[in-house]
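Each number in our numbering comes from the position in the sequence shown (counting from 1) with 43 added on. Ideal placement from N, C-alpha and C gives every residue a C-beta, glycine not left out. Read the structure below first, then the notes.
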Amino acid sequence: MLTRLHIDPYIAAILCTVGIAAMFPASGDASRILHHAGAVAITLLFFFYGARLSTAQALRGLRHWRLHAAISSVTFVVFPVLGIACSLFLDDPLSTGVVFLCVLPSTVQSSITLTSIAGGNEAGAICSASLSNLVGVVLTPLMAAALISVEGGFSLGSIGDITLRLLLPFLLGQAAQRWIGDQVRARRKPLSLYDRGVILLVVYTAFSQGVASGVWDELAPPELGVLALVTVGLLAVALGAAGLLSRLAKFDDADRIAVLFCGSQKSLASGLPMATVLFAGASVSTAVLPLMLYHQLQLLVCSWLAQRYAIRPAHTPEPAEVTA
């Protein structure tokens with residue numbers, strides 16, 4: 044029925060997940076259980092990423108400095124400029140929240156998952172997204188302090204968390220791929236379903252947290268409408284900038300997909316802990332409101348884009364290409 048109505052089932056699943064979280068948000072023990080379950084699911088996801096990628100592919104991804112430079116340019120140059128421009132049209136504390144959103148690093152799990160779903164450069168996405176988070180642990184608080192005059196710092200424990208939850212499982216998967224790599228690659232379809240399930244879990248957990256903490260009640264409907272338009276504009280310009288940089292750099296399709304998804308994403312997982320350090324007391328919830336809204340929007344839009352890339356017809360070489 045969804046196919047006949049031209050509605051993507053996965054987008055429908057995300058919208059249903061948001062609706063369920065709005066009506067039945069997880070709180071208390073349930074929220075903590077979901078948080079730990081999500082951490083385990085993401086760790087297992089990265090183990091499978093490592094087991095699925097050949098070591099040669101991983102090394103190629105690490106050496107692809109032009110790809111990393113393009114993604115970092117969107118994340119830490121284009122976005123902050125956009126945030127400063129948008130803050131001119133918003134009042135505090137919304138302007139503060141938008142600038143904070145724009146200086147955050149790229150998200151890791153959804154960037155890589157979406158790149159994988161779309162058939163992009165998965166190895167490059169893993170390296171770029173992980174590097175973005177490692178750099179962001181230091182750069183984001185410094186940029187936030189410079190642009191919005193907040194006091195704070197960063198936690199070195201975040202580096203350890205990234206290492207233990209993301210990098211170590213990936214390396215273990217790489218070590219095991221010589222024995223289980225063929226079996227993992229042969230089960231790409233069930234693993235793809237697992238990828239999508241992890242994103243649904245992240246959506247439900249994040250939205251539940253916002254509903255349970257009352258973040259969505261902080262603003263009047265007109266203010267929320269203006270903020271929604273700003274976040275839509277941010278995502279649209281970020282996607283456009285990522286596409287433009289990819290074309291200027293003359294990347295192939297796989298790299299363009301990696302730049303598109305890694306460059307346009309912002310990390311809720313990194314942003315929420317940083318906000319508790321950078322902002323005091325009740326201002327935390329308002330400061331992260333743009334991030335919460337952008338996070339839901341990026342998952343919806345980029346999941347749809349990933350599905351479109353996944354079903355696109357294979358590239359047929361032009362006669363000139365065949366001749367060459």
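Exposure of residue i, with buried meaning 16 or more beta-carbon neighbours within 10 Å
| i | result |
| --- | --- |
| His79 | exposed |
| Asp238 | buried |
| Gln226 | exposed |
| Arg355 | exposed |
| Pro184 | buried |
| Phe119 | buried |
| Gly276 | exposed |
| Cys59 | exposed |
| Val141 | buried |
| Gly163 | buried |
| Val124 | exposed |
| Pro52 | exposed |
| Ala263 | exposed |
| Ser233 | Before going on, a small fix: residue 233 reads as Pro here, not Ser. Exposed: under 16 other Cβ atoms inside 10 Å. |
8 Å CB neighbourhood of residue i in its chain, flanking five on each side removed
| i | result |
| --- | --- |
| Val241 | Gly81, Ala84, Ile85, Leu88, Gln152 and Thr156 |
Beta-carbon contacts of residue i that lie in its chain and below 7 Å, excluding the five residues immediately before and after
| i | result |
| --- | --- |
| Ala292 | Arg109 and Ala113 |
| Ala325 | Confidence in Ala325 is poor, its pLDDT being 42 and thus under 50, which makes the residue's placement unreliable; the coordinate value appears in the next sentence. Excluding positions up to five away in sequence, the list is empty. |
Cut-off 6 Å between Cβ atoms - residues of its own chain near residue i, not counting five sequence neighbours on either side
| i | result |
| --- | --- |
| Leu77 | Ala69 and Thr248 |
| Ala349 | Leu157, Ile160 and Ala161 |
| Arg95 | Val227 and Arg228 |
Any non-hydrogen atom of the ligand ADP closer than 7 Å to residue i Cβ
| i | result |
| --- | --- |
| Ala285 | For the ligand ADP, the structure offers nothing, since it holds no ligand at all. |
Start and end residues, alpha helix (DSSP H) containing residue i
| i | result |
| --- | --- |
| Ala166 | Glu165 to Ile191 |
| His78 | Gly71 to Arg95 |
| Pro233 | Arg231 to Ala255 |
| Gln339 | Leu332 to Ala353 |
| Ser149 | Segment: none, Ser149 is in no alpha helix (DSSP H) and carries neither H nor E. |
| Gly306 | Asp296 to Ser307 |
| His111 | Trp108 to Ser116 |
Flag this pair as touching only if the stretch 269–277 and the stretch 290–306 have three or more C-beta atom pairs under 8 Å; answer yes or no.
no
With three or more C-beta pairs closer than 8 Å as the rule, is the stretch 170–183 touching the stretch 335–345?
no
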